[in-house]
Amino acid sequence: MPNIKSQKKRVITNQKANDINVAKRTRVRNAVKKYNAAVDAKDLASAEKLLVEAISLIDCAKNDGIYHANTASRKVSRLSKRLDALKKAE
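In C-alpha cells:
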C-alpha cells in the first residue's frame, strides 16, 4: 500500500479504470456470444442485427484502447465471415 497521497489516489483511479475496462470487455464478449448463438441457430435476421451491435461494441472498445486496432479488426472479420458462410448455406 502506498504512503504518498498522490500514489494512494492513483491506486483508486487505476482500479476504477480497470473496472470500467473489464465491464466493456465483458459487454463485447456477451454480444459476440449472442451473435454466435444466433448463427448456430441459423437465424439470419437476428444474426444480422446482432452483428451490427457486436461490431459497434468492438469499435467502441478499440477507440477506448481496450483492444488493439488489429485485434478489433480480426474480431470483426471473423464475425462477418461467419455471417457470410450462413448466407451462402441458405
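Numbering (the numbering used here), first residue to last: 354 to 443.
Where a beta carbon is used, it is the ideal one built from N, C-alpha and C, also for glycine.
Reduced DSSP category for residue i - H, G, I as helix; E, B as strand; rest coil
i           : result
residue 395 : coil
residue 417 : coil
residue 408 : helix
residue 401 : helix
Rounded straight-line distance, which links the Cα of residue j to that of residue i
i           : j           : result
residue 399 : residue 371 : 32 Å
residue 392 : residue 364 : 42 Å
residue 437 : residue 402 : 14 Å
residue 429 : residue 367 : 29 Å
residue 394 : residue 440 : 13 Å
residue 424 : residue 407 : 14 Å
residue 380 : residue 434 : 21 Å
Reference residue i; option with closest CA among the options
i           : options          : result
residue 418 : 432, 427 and 378 : 378
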